[in-house]
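Contents: one structure, followed by commentary.
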Amino acid sequence: MNKLIQNEMMKLIAKKRLVVIALIIGVLVVLFTYAQYKDVQRERDKLGTNDWRTILQQQIVDTTNRLSSSRLSDEWRQELQISLQQKQYYLDHDINPAEPGAPTFIRIFLENAIDLFIPLMVMVIASDIVSSEHSIGTVKLLLTRPVRRWKVLMSKYISLCLAISLIIAIAGLLSFLISGLVFGYKGWNAPIITGFHVTGSGLNTSDVKLLDLWKFLMMDFGLVWFVAIVVGTLAFMLSVLIRSTAAGMGVMLAALISGAILNNMVSSWESAKYFFMVNLRLTDYMQGNPPPIEGMTLSFSLMVLFVWWAASLAVSFLVFTKKDVF
Amino acid sequence: MSKNYVRLVTITGAAFFLLWLGGLAWAVGEYYAGSTESIQKPSAQEKVVPNKKGLTITAIGDSLTRGTGDETGKGYVGVLADELKERTNQPIQLTNLGINGQTSGQLREQVQQIEVGRQIQKADMVLVTIGGNDLFRGGEGLMDLETNTISEIEKKYIDNLNFIFQQIRKNNEDATVFFIGLYNPFIELDQGKEMSKIVRRWNYDSAEVSAAFPKVVFVPTFDIFELNVNDYLYTDKFHPNTKGYRLIAERVASLVTW
Numbered sequence: 138m139n140k141l142i143q144n145e146m147m148k149l150i151a152k153k154r155l156v157v158i159a160l161i162i163g164v165l166v167v168l169f170t171y172a173q174y175k176d177v178q179r180e181r182d183k184l185g186t187n188d189w190r191t192i193l194q195q196q197i198v199d200t201t202n203r204l205s206s207s208r209l210s211d212e213w214r215q216e217l218q219i220s221l222q223q224k225q226y227y228l229d230h231d232i233n234p235a236e237p238g239a240p241t242f243i244r245i246f247l248e249n250a251i252d253l254f255i256p257l258m259v260m261v262i263a264s265d266i267v268s269s270e271h272s273i274g275t276v277k278l279l280l281t282r283p284v285r286r287w288k289v290l291m292s293k294y295i296s297l298c299l300a301i302s303l304i305i306a307i308a309g310l311l312s313f314l315i316s317g318l319v320f321g322y323k324g325w326n327a328p329i330i331t332g333f334h335v336t337g338s339g340l341n342t343s344d345v346k347l348l349d350l351w352k353f354l355m356m357d358f359g360l361v362w363f364v365a366i367v368v369g370t371l372a373f374m375l376s377v378l379i380r381s382t383a384a385g386m387g388v389m390l391a392a393l394i395s396g397a398i399l400n401n402m403v404s405s406w407e408s409a410k411y412f413f414m415v416n417l418r419l420t421d422y423m424q425g426n427p428p429p430i431e432g433m434t435l436s437f438s439l440m441v442l443f444v445w446w447a448a449s450l451a452v453s454f455l456v457f458t459k460k461d462v463f
Numbered sequence: 202m203s204k205n206y207v208r209l210v211t212i213t214g215a216a217f218f219l220l221w222l223g224g225l226a227w228a229v230g231e232y233y234a235g236s237t238e239s240i241q242k243p244s245a246q247e248k249v250v251p252n253k254k255g256l257t258i259t260a261i262g263d264s265l266t267r268g269t270g271d272e273t274g275k276g277y278v279g280v281l282a283d284e285l286k287e288r289t290n291q292p293i294q295l296t297n298l299g300i301n302g303q304t305s306g307q308l309r310e311q312v313q314q315i316e317v318g319r320q321i322q323k324a325d326m327v328l329v330t331i332g333g334n335d336l337f338r339g340g341e342g343l344m345d346l347e348t349n350t351i352s353e354i355e356k357k358y359i360d361n362l363n364f365i366f367q368q369i370r371k372n373n374e375d376a377t378v379f380f381i382g383l384y385n386p387f388i389e390l391d392q393g394k395e396m397s398k399i400v401r402r403w404n405y406d407s408a409e410v411s412a413a414f415p416k417v418v419f420v421p422t423f424d425i426f427e428l429n430v431n432d433y434l435y436t437d438k439f440h441p442n443t444k445g446y447r448l449i450a451e452r453v454a455s456l457v458t459w
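Sequence order for the protein chains is G and Z.
Sequential numbering of the first sequence, starting at 138, is according to my numbering.
Sequential numbering of the second sequence, starting at 202, is according to my numbering.
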């Protein structure tokens with residue numbers, strides 16, 4: 138088994154996929170850093186100060202004014218109200234919600250990358266891990282060895298999981314190194330508030346607690362990793378089912394993008410919450426952002442993702458061990 | 202490709218696998234652990250360092266402060282800040298805390314917030330507009346000109362205004378406060394004459410309250426909108442338009458000295 142995994146890892150490394158992914162992430166992080174930097178600068182120019190309290194107070198007042206507009210949809214109004222209450226809470230407790238520094242950048246990056254960017258990167262590896270063996274014909278060589286089929290697939294799955302873990306680590310490391318050049322490398326111990334619970338009537342702040350940013354980041358990384366594993370497993374299943382890598386990728390891409398679109402419009406279609414793609418934004422629960430459909434919680438989303446994960450893993454193994462290869 | 206390299210990547214991957222798994226478990230545990238200790242609000246408000254370079258303006262109040270109706274979005278506060286910047290060649294730091302539809306009661310709450318207090322504390326100049334929503338109630342006030350109801354509303358308003366000025370003075374003893382008076386947007390309507398009378402008395406009482414505090418200047422605007430009111434009003438016939446705001450700003454600008 139160990140040898141098989143080593144073999145699969147060697148194939149992965151030889152394909153240089155991880156290097157490509159690292160390059161893509163690097164380029165995008167440079168772009169995001171620049172965008173973030175511009176954003177900070179514009180805010181400072183507008184208010185003539187970089188005192189975060191002044192900026193936050195101004196944001197609170199601006200949001201309040203947007204709320205007074207009558208042309209707001211109910212969901213958008215609720216979302217604004219919750220973000221307003223959070224900001225006020227931060228301000229009342231004299232805590233900067235976005236302490237400048239690389240760790241804060243990583244946090245924002247992870248929160249925005251969890252539902253599309255990281256899954257896409259994972260797909261680059263997962264989509265062709267099995268189907269490419271078909272397309273270049275090496276699958277026969279692999280299966281004629283005196284090894285059980287499930288072991289072959291297992292070694293592929295394990296190396297996929299290892300690669301996903303590496304991708305998350307690369308994303309974290311690159312965003313730390315690059316954004317730190319601009320924002321500085323400090324801020325690991327900055328406090329951040331978690332435990333806001335969104336209820337039907339608004340924001341419940343009775344369970345909030347203060348965490349050091351590095352702890353919060355560890356949790357965020359864990360959640361992002363879980364999402365990446367689930368998406369990777371789904372792509373893995375498609376790679377087993379569909380011989381064509383492009384078709385498998387297309388299906389997965391459609392699912393992910395439909396999730397991003399659905400997130401904005403499913404609030405009235407309650408059973409949509411059993412789709413995996415509307416459950417990807419796990420970090421929102423830590424932040425206390427309202428879920429796309431009322432009643433969704435962290436454990437609910439984790440359960441849904443877990444069921445999808447288990448099902449697609451089972452299907453992959455069943456199909457791969459039974460399938461005729463010719 | 203060396204075997205050791207592959208082994209190294211594999212082991213690194215495995216290490217991160219375990220690390221992220223730990224992070225996931227931690228996140229779930231922490232999320233459901235509940236609060237252990239409550240977060241303390243900072244008890245004492247720390248003294249702010251005043252902005253040494255340039256002039257700091259803090260504006261509080263209602264939609265007039267916000268600039269509703271001005272196509273450029275600046276309002277009289279923005280125009281005034283621009284004008285002062287030009288005149289003095291100093292950087293101006295402007296904090297606009299105006300909220301649409303705010304009444305004197307709501308402003309009374311707002312000025313008690315710690316951060317709003319801090320903003321007032323570091324200001325060299327405080328601009329206030331309030332009372333329009335108390336009196337006109339979004340046009341409803343026009344229907345109901347009963348002297349009793351209005352004097353009741355006014356009593357509450359005067360009380361709130363007093364409190365607001367006290368709060369400003371408590372936070373900042375030196376800043377000049379400009380309090381912008383009301384105009385009558387309904388002056389050309391049927392009941393415009395009666396409304397004008399009420400607004401004049403309202404302004405007079407507001408000026409009296411302002412006079413009771415040091416360095417609080419009441420700035421009248423009634424006369425600006427008296428003759429050609431429709432030239433200076435936005436399409437909602439209630440808020441000033443760009444020209445109207447410019448006139449208010451010029452009037453305040455002429456009063457600013459330092």
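Using N, Cα and C, we set each Cβ at its ideal position, and we do this for glycine too.
This structure is a prediction, so every number in the text was calculated from the model and none was measured.
Where the alpha helix (DSSP H) containing G/N341 begins and where it ends:
Element bounds for G/N341: not the alpha helix (DSSP H) but the beta strand (DSSP E), 339-341.
Would you say G/Q195 lies against chain Z (beta-carbon separation less than 9 Å)?
yes
Where G/K352 and G/I301 are concerned, what is the direct C-alpha to C-alpha distance, given to the nearest angstrom?
Looking at the two C-alpha atoms, the distance is approximately 21 Å.
How many Å lie between Z/Q320 and Z/K371 at the Cα?
13 Å
From the beta carbon of Z/R208, is the nearest beta carbon of chain G less than 9 Å away?
yes
The beta strand (DSSP E) with G/D349 in it runs from where to where?
346-349
Quick check on the DSSP output: what are the complete alpha helix (DSSP H) runs of length 4 or more inside the segment 206-285 of chain G, in order along the chain?
211-229, 239-250, 254-263, 268-272, 276-280
State yes or no: is the C-beta of Z/D375 within less than 9 Å of the C-beta of Z/D325?
yes
Please report the Cβ distance between Z/N431 and Z/E389, rounded to the nearest whole angstrom; I am assuming they are in contact, meaning their Cβ atoms lie under 8 Å.
7 Å
Distance, Cα to Cα, G/F242 vs G/G396?
25 Å
Collapsed DSSP secondary structure at Z/Q313 in the structure displayed
coil
Between the Cα of Z/N429 and those of Z/V420, Z/G445, Z/K416, Z/V453, spot the shortest distance and give me the residue it belongs to.
If we check each option's Cα against that of Z/N429, Z/G445 comes out closest.
From Z/K398 to Z/L285, what distance separates their C-alpha atoms?
34 Å
Name the chain Z residues whose beta carbon is nearer than 7 Å to that of G/M355?
Those are G224, W227, listed as they occur along chain Z.
Does the distance from the C-beta atom of G/L340 to that of G/G425 stay below 9 Å?
yes
Beta-carbon contacts of G/H271 that lie in its chain and below 6 Å, excluding the five residues immediately before and after:
R380
Please determine, among G/Q195, G/M260, G/L141, G/K148, the residue with the shortest C-alpha to C-alpha distance to G/G369.
Looking at the Cα atoms, G/M260 is the closest of the given residues.
Could you say which of Z/Y233, Z/T213, Z/F380, Z/P386 lies nearest to Z/T436 if we only look at CA atoms?
Z/P386
Would G/L204 pass as a contact of G/I192 if the rule is Cβ separation under 9 Å?
Contact: no.
Around the C-beta of Z/A263, are 16 or more other C-beta atoms found within 10 angstroms, so that it is buried, or is it exposed?
What sits at residue 263 of chain Z in the sequence shown is Asp, not Ala. Answer is buried; the Cβ neighbour count reaches 16.
For G/Q195, does the three-state DSSP call read helix, strand or coil?
helix
Residue nearest to Z/L281 in terms of C-alpha spacing, selected from Z/I351, Z/L256, Z/G302:
Z/L256
For Z/L434, three-class secondary structure by DSSP:
strand
Using 8 Å as the Cβ pair cut-off and three pairs as the minimum, do the segment 204-216 of chain G and the segment 226-242 of chain G touch?
no
Tell me, please, whether the CB atom of Z/Q314 is closer than 9 Å to any CB atom in chain G?
yes
Contacting positions in the segment 143-162 of chain G - beta carbon closer than 7 Å to chain Z
Q143, M146, M147, I150, A151
DSSP puts Z/I381 in a beta bridge; with which residues?
Z/T330, Z/V420
Assign G/R214 to one of two classes, buried (16 or more other C-beta atoms within 10 Å of its C-beta) or exposed (fewer than that).
By the neighbour-count definition (other C-beta atoms within 10 Å, threshold 16), G/R214 is an exposed residue.
Sequence-distant residues of its chain with Cβ nearer than 8 Å to G/G385 (five each side left out):
So the list reads S264, D265, S268, A372, L375, S376, L378, I379, once near-sequence residues are dropped.
Drop a sphere of 10 angstroms on the beta-carbon of Z/F218, count the other beta-carbons inside from all chains shown, and report buried for 16 or more, exposed for fewer.
buried
Closest to Z/L220 by CA distance: which of G/W325, G/F358, G/L439, G/F333 is it?
G/F358
Residue interval of the alpha helix (DSSP H) (run including Z/L285)
In this chain, the alpha helix (DSSP H) harbouring Z/L285 covers 276-289.
For chain Z, check one thing: does any of its Cβ atoms lie closer than 9 Å to the Cβ of G/G359?
yes
Beta-carbon neighbours of Z/R288, restricted to chain G and to distances below 8 Å
Residues of chain G passing the Cβ test: none, with the nearest at roughly 16 Å.
Let's test the definition: count the other Cβ atoms within 10 Å of the Cβ of Z/P292 and tell me whether it reaches 16, buried, or not, exposed.
exposed
Buried/exposed call for Z/Q392, threshold 16 Cβ in 10 Å
exposed
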